[in-house]
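Protein chains in written order, with the numbering used here: chain D, 312 to 651; chain U, 312 to 651; chain V, 312 to 651. Just so you know, even glycine gets a beta-carbon here, dropped at the ideal spot from N, CA and C. For reference, the structure discussed in these notes is given below.
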Amino acid sequence: MVDSRFYTAAGPFSVAELAELSGATLGAGAAAEKLLIDVAPLQTAGPEHLSFLDNRLYLEAFVNSGAGACIVHPDLAARAPGGMAVLLSEGPYKAYALAASAFYPPAKPEPGIAKSAVVAAGVVLGDGCRVEPGAVIGEGVEVGARCWIGANAVIGAGVVLGDDTIVGACASLASCIVGNRVHIYPGARIGQEGFGFAPDPAGHARVPQVGRVIIHDDVEIGANTTIDRGAGPDTVIGRGCRIDNLVQIGHNVELGRGCIIVGQAGISGSTKLGDFVAVGGQGGIAGHLDLGAGARVAGQSGVMRDVAPGATVGGYPAVPIRDWHRQTIAIAKLLKRKTG
Amino acid sequence: MVDSRFYTAAGPFSVAELAELSGATLGAGAAAEKLLIDVAPLQTAGPEHLSFLDNRLYLEAFVNSGAGACIVHPDLAARAPGGMAVLLSEGPYKAYALAASAFYPPAKPEPGIAKSAVVAAGVVLGDGCRVEPGAVIGEGVEVGARCWIGANAVIGAGVVLGDDTIVGACASLASCIVGNRVHIYPGARIGQEGFGFAPDPAGHARVPQVGRVIIHDDVEIGANTTIDRGAGPDTVIGRGCRIDNLVQIGHNVELGRGCIIVGQAGISGSTKLGDFVAVGGQGGIAGHLDLGAGARVAGQSGVMRDVAPGATVGGYPAVPIRDWHRQTIAIAKLLKRKTG
Amino acid sequence: MVDSRFYTAAGPFSVAELAELSGATLGAGAAAEKLLIDVAPLQTAGPEHLSFLDNRLYLEAFVNSGAGACIVHPDLAARAPGGMAVLLSEGPYKAYALAASAFYPPAKPEPGIAKSAVVAAGVVLGDGCRVEPGAVIGEGVEVGARCWIGANAVIGAGVVLGDDTIVGACASLASCIVGNRVHIYPGARIGQEGFGFAPDPAGHARVPQVGRVIIHDDVEIGANTTIDRGAGPDTVIGRGCRIDNLVQIGHNVELGRGCIIVGQAGISGSTKLGDFVAVGGQGGIAGHLDLGAGARVAGQSGVMRDVAPGATVGGYPAVPIRDWHRQTIAIAKLLKRKTG
């Protein structure tokens, strides 16, 4: 199914192996030894493919699927067509993620430093690093083992990278300390000076930005996303955060563990997000706010006040999500009354 | 008028030639043989310039213009000042576009591969390609004729480019198949992994992204725009689409032919746009939606439901545009009543 | 306090010196000769640090601070703890900016042209320029004195840079004239063609973009921000403007002096901003509008009409800010009435 110019599936794996890899349990009568060669969507999967059902919208596709095996919630397993091996999981998407990662494990960098890369004197790279053509690594940089520095990326002086970290093509890093297994996508800008100045009609006055960006382990930072360094304190991205493309993160922002920031969202300076906060696409959060652990912000919302832990907000200005939905309905009704 | 450091006008062209090139017809008494050397706005044009009137806002400027010739709708031609040659067109802006392109045709790349470019062994470039300094072209890449790869651009392994395609400075491409006459602007990011993972407090689980980006002929993709590759299916950009700067397009999105996506708009994963859909600046569209052919989305709107073919929507959440305007008026009235 | 891998404080400076540098006056009894080695926040400052109080929110931190000296408004000076030297200023943040810049002056480029930089034949660089590895400078470019061209940046043919201008890593410039002391952050895209075409179902027709971008002195342009060149007129950025990250500025836009454009804001084609206009984060401004001098646009607002000088607007569509706040309150009340 995949384009061999870009991808090659590992495997094959038996149904039993995939059940184990994905933490699923084999359904009754599943052909445990059947070999599967790839993953595929329900609609196009054949007998040699593994598929999954996570959303009831696709139930009919499941019932009619030709997939050789399928990961599914136990409640729906009885609807499986004859001949399909079912792998039972309470979290089918997570289980699918694990199985698919067996077929397509993260690419490993082929070690080597391209001739046209420029590595400053005295820089020590860990074992197994790959530095692609045109990449520039500045003075005093420390790079861990098995890092992958993409073509034309720029690692500024003094930056520290942990092990197994990937810096995409044309990305640039400065004034930052980056953990292990971090993935920075192409064109991301990390650690430039924040938007700090004292406004003045006679000429806005520069405020030096002398903090850093601290990126903990297992973070992903999307393409062309920008993360400014702190003004004095640091900007901090907690372990396991997933940041999408074109996101803006201002100086002194702190993200807890596992936050999810969807594309084009923006977080203004000095705002703090607790663990596992989620911000929808194009959402905006004003500066100097606190969003408690597990808070959720709807896409395109504008958050102008603190958000309590676990609360979900939406709208502009953002209010509790239920109030926002009711506002929307009330405005629609108002319109009907006025024009009815 | 233009800065000769950057541009040189072709020509001169006679009024008759420009009428033919632009599909306009000569007005009564127009001096068909008069030579024009450039285009210029109504306000600053002289006798040697071609101008155009497309928007009635500028009617007064037209009446007082010193332009030697002007493209104008037949209904307004009688208002032309004496001495101005009129070129009649039902679509003056389109006609102007064609005439102006005669003076300023697309730049042709001067062929050659810069010494500092890095082209992987075995890559075959079509005739007449230009590869600028610092560009990096990976293994297995196929490049058509007369392509122009900008300085420090990165073309990842296996990528295919058609003929006459331009990749701007510092752009990066991966896992994509690109057609003919495509123009990718500086800093665009094409084909990186989409934002796909199974959320989990124990650590969000990676979902491999093994689709591609398919870009059909005659597409333009703006500066620093990001287009993620598909998760399994492909992300598809239809023929002739125009995508502005800083746009985000998620994995598995499909755009029909001729769509217009204005700056900073975002289209979430798996959403499908029919032919000639237009999305205004900063508009946001949720995932898994269908927008029918010819649908239009107002700037900054937040689309959370399917949009019917030909419908225009606006607001947050987006509703039919007429309802949105009425909402705006109703809210203003509500305010007056409460405070009046 | 700072990470010595990235920063080194100048100094020390005496309290009296810092008062003079910052335009503050020494409070009664301040130890004028005391030497300070760095700046620090109120909460963490020690006797050798200078701090500041600008926001009454932090009054308690001030009262309890261990800072050796602090810049503060005269009205609050009496609250200073014993032993703290107070520096009195009507504008403490501006004064702090000046003092902090003494400790951390703008970095000066170490002159030199990297071996892997590619500078076209005939280009003349002013004295003291630094051109980092992989930077590409095209034909006919003019570069003033003490400019700093970052790694892998691309300066297109014919571009002009004044003195003391910085171009960040991986940024690209084309068709632009740039003043003195301009700072362009990494990944910014300046001078590419604007989003100009005549829409047509038979194929959108290209409209040549033959203007420039003119950037006056003392401007800052954020990371991954995009500024398109004019279509025929120029795009103009006035002296001293501060533009944050991921901002989009369309063709023919004109910004007056000292405008402040916060992250992810977008300004559509041909709109004109007077002097000292401020646009909040994610704000959007439609095309062909005029915003008078000193106008202010709230974050995330959508401006669809002209804005008078000095006016503040907010909302979507944007209205006078007071009306927007009242709308928000009225909608909340409407909801209460309907559900109460």
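(request) For chain C, find out if any of its Cβ atoms is closer than 8 Å to the Cβ of C440 (chain D); answer yes or no. (result) Annotation note: the requested chain C is absent from the structure, which comprises protein chains D, U and V.
(request) Would you tell me roughly how many angstroms separate the C-alpha atoms of E328 (chain V) and A396 (chain V), rounded to the nearest one? (result) E328 (chain V) and A396 (chain V): Cα-Cα distance of roughly 13 Å.
(message) For a test of the three-state rule: what should DSSP assign to L409 (chain V), helix, strand or coil?
(response) Assigned with DSSP and collapsed to three states, L409 (chain V) falls in helix.
(message) On the DSSP bridge list, what partners appear for T536 (chain U)?
(response) DSSP, once it has assigned bridges, lists no residue as partnering T536 (chain U).
(message) Considering Cα atoms alone, identify which of U:T639, U:E344, U:D314 and U:G437 is closest to G451 (chain V).
(response) Residue U:D314 holds the alpha-carbon nearest to the alpha-carbon of G451 (chain V) among U:T639, U:E344, U:D314 and U:G437.
(request) Mind listing, in chain order, the continuous alpha helix (DSSP H) runs of no fewer than 4 residues lying wholly within the region 398-449 of chain V? (result) DSSP runs (the alpha helix (DSSP H)) wholly in the region 398-449 of chain V: 403-414.
(request) Under 8 Å by Cβ, that's how I've got E331 (chain U) and L347 (chain U) pegged, so tell me the actual separation to the nearest angstrom. (result) 13 Å between Cβ atoms; not a contact.
(request) Look at the alpha carbon of Q638 (chain D) and the alpha carbon of K644 (chain V), and state the distance between them as a whole number of angstroms. (result) Roughly 10 Å separates the two Cα atoms.
(message) Determine whether the beta carbon atoms of Y415 (chain U) and Y318 (chain U) lie at a separation below 8 Å.
(response) Yes; because the gap between Cβ atoms is below 8 Å, this pair is in contact.
(request) Please classify D634 (chain D): does DSSP put it in a helix, a strand, or coil? (result) It is helical.
(request) Helix, strand or coil for V493 (chain V), going by three-state DSSP, please let me know. (result) Of the three classes helix, strand and coil, the one that applies to V493 (chain V) here is coil, per DSSP.
(message) If we require 3 or more residues per run, which beta strand (DSSP E) segments fall completely within the region 333-412 of chain D?
(response) Fully contained in the region 333-412 of chain D are the following beta strand (DSSP E) runs of length 3 or more, in chain order: 360-363, 380-383 and 396-399.
(request) Mind reading off the beta-carbon distance from G595 (chain V) to G610 (chain U)? Whole number of angstroms is fine, and I expect it under 8 Å. (result) Between G595 (chain V) and G610 (chain U) a beta carbon distance of about 6 Å is seen, short of the 8 Å cut, so the two are scored as contacting.
(request) Taking all protein chains shown into account, decide if I417 (chain U) is buried (16 or more other Cβ within 10 angstroms of its Cβ) or exposed. (result) A quick correction: the sequence has Pro, not Ile, at residue 417 (chain U). Exposed is the label assigned to P417 (chain U), since fewer than 16 other Cβ atoms lie within 10 Å of its Cβ.
(message) Here's the rule I'm using: 16 or more other beta-carbon atoms within 10 Å means buried, otherwise exposed. How should N463 (chain V) be labelled?
(response) Flag for N463 (chain V) reads buried.
(request) Might you give, ordered along the chain, the residues of its own chain that have their beta carbon closer than 6 Å to the beta carbon of V430 (chain U), omitting 5 neighbours on each side? (result) Closer than 6 Å at the Cβ level, and outside the excluded window around V430 (chain U), lie I448.
(request) Report buried or exposed for R616 (chain V), applying the criterion of at least 16 other Cβ atoms within 10 angstroms of its Cβ. (result) Within 10 angstroms of the beta-carbon of R616 (chain V) lie fewer than 16 other beta-carbons, which makes it exposed.
(request) Going by CA-CA distance only, name the one from U:V564, U:G569 and U:H515 that's closest to A516 (chain V). (result) Among U:V564, U:G569 and U:H515, the Cα nearest to that of A516 (chain V) belongs to U:G569.
(request) Quick one: grab the DSSP three-state call for L484 (chain D). (result) In this structure, L484 (chain D) counts as strand in the three-state DSSP scheme.
(request) Using 10 angstroms around the beta-carbon of T336 (chain U), count the other beta-carbons present and answer buried if the total reaches 16, otherwise exposed. (result) Exposed: under 16 other Cβ atoms inside 10 Å.
(message) I need the boundaries of the beta strand (DSSP E) containing G626 (chain V), first residue and last residue.
(response) Note, G626 (chain V): beta strand (DSSP E), T623 to G626.
(request) Kindly confirm or deny that the region 540-559 of chain D and the region 491-505 of chain D touch, where touching means at least three C-beta pairs closer than 8 Å. (result) The region 540-559 of chain D is in contact with the region 491-505 of chain D.
(request) Please state whether DSSP places V326 (chain V) in a helix, a strand or coil. (result) Helix, per DSSP.
(request) Measure the beta-carbon distance from V573 (chain U) to D555 (chain U) and round it to whole angstroms, keeping in mind my assumption that it falls under 8 Å. (result) Going by Cβ atoms, the distance from V573 (chain U) to D555 (chain U) rounds to 5 Å, so yes, they are a contact pair.
(message) I'd like the list of long-range same chain contacts for G651 (chain V), defined as Cβ closer than 6 Å, with 5 residues on each side in sequence excluded.
(response) With a pLDDT of 46 at G651 (chain V), under the threshold of 50, the modelled position of this residue cannot be trusted; read the value that follows with caution. In its own chain, leaving out the 5 sequence neighbours on each side, no residue places its CB closer than 6 Å to the CB of G651 (chain V).
(request) Confirm, please, whether the CB-CB distance from I538 (chain U) to V547 (chain U) is below 8 Å. (result) Not closer than 8 Å, so no.
(message) Just checking: is the beta-carbon of F317 (chain D) within a distance shorter than 8 Å of some beta-carbon in chain U?
(response) Yes, contact with chain U.
(message) Could you tell me the alpha carbon to alpha carbon distance between Y363 (chain D) and V618 (chain U), rounded to whole angstroms?
(response) Contrary to the premise, residue 363 (chain D) reads as Phe rather than Tyr in this sequence. Rounded to the nearest whole angstrom, the CA to CA distance from F363 (chain D) to V618 (chain U) is 29 Å.
(message) Please confirm whether A462 (chain D) has its beta-carbon closer than 8 Å to some beta-carbon of chain U.
(response) Chain U, which has a Cβ nearer than 8 Å to the Cβ of A462 (chain D), makes this yes.
(message) Just to make sure I have the definition right: I need the residues of chain U whose C-beta is within less than 9 Å of the C-beta of L557 (chain V). Which are they?
(response) What L557 (chain V) touches in chain U: N535, L557 and Q575.
(request) Name, in chain order, the residues that DSSP records as bridge partners for Q520 (chain D). (result) BP columns for Q520 (chain D) are empty, so no partner.
(request) Go to V253 (chain D), then tell me how far its beta strand (DSSP E) extends in each direction, as first and last residue. (result) Residue 253 (chain D) is absent from the model: chain D starts at 312 and stops at 651.
(request) Whole angstroms is fine: what's the gap from S400 (chain D)'s alpha carbon to A339 (chain D)'s? (result) S400 (chain D) and A339 (chain D) have their C-alpha atoms spaced approximately 13 Å apart.
(message) By alpha-carbon positions, which one of D:A485, D:G514 and D:G621 ends up nearest to D586 (chain V)?
(response) Residue D:G514 is the option with its Cα nearest to D586 (chain V).
(request) Apply the 10 Å Cβ neighbour rule to I640 (chain D) and answer buried if 16 or more other Cβ atoms are within range, or exposed otherwise. (result) So I640 (chain D) counts as exposed.
(request) Could you confirm whether any beta carbon from chain D is found closer than 8 Å to the beta carbon of I642 (chain V)? (result) In terms of beta-carbon proximity, I642 (chain V) lines the interface with chain D, with at least one pair separated by less than 8 Å.
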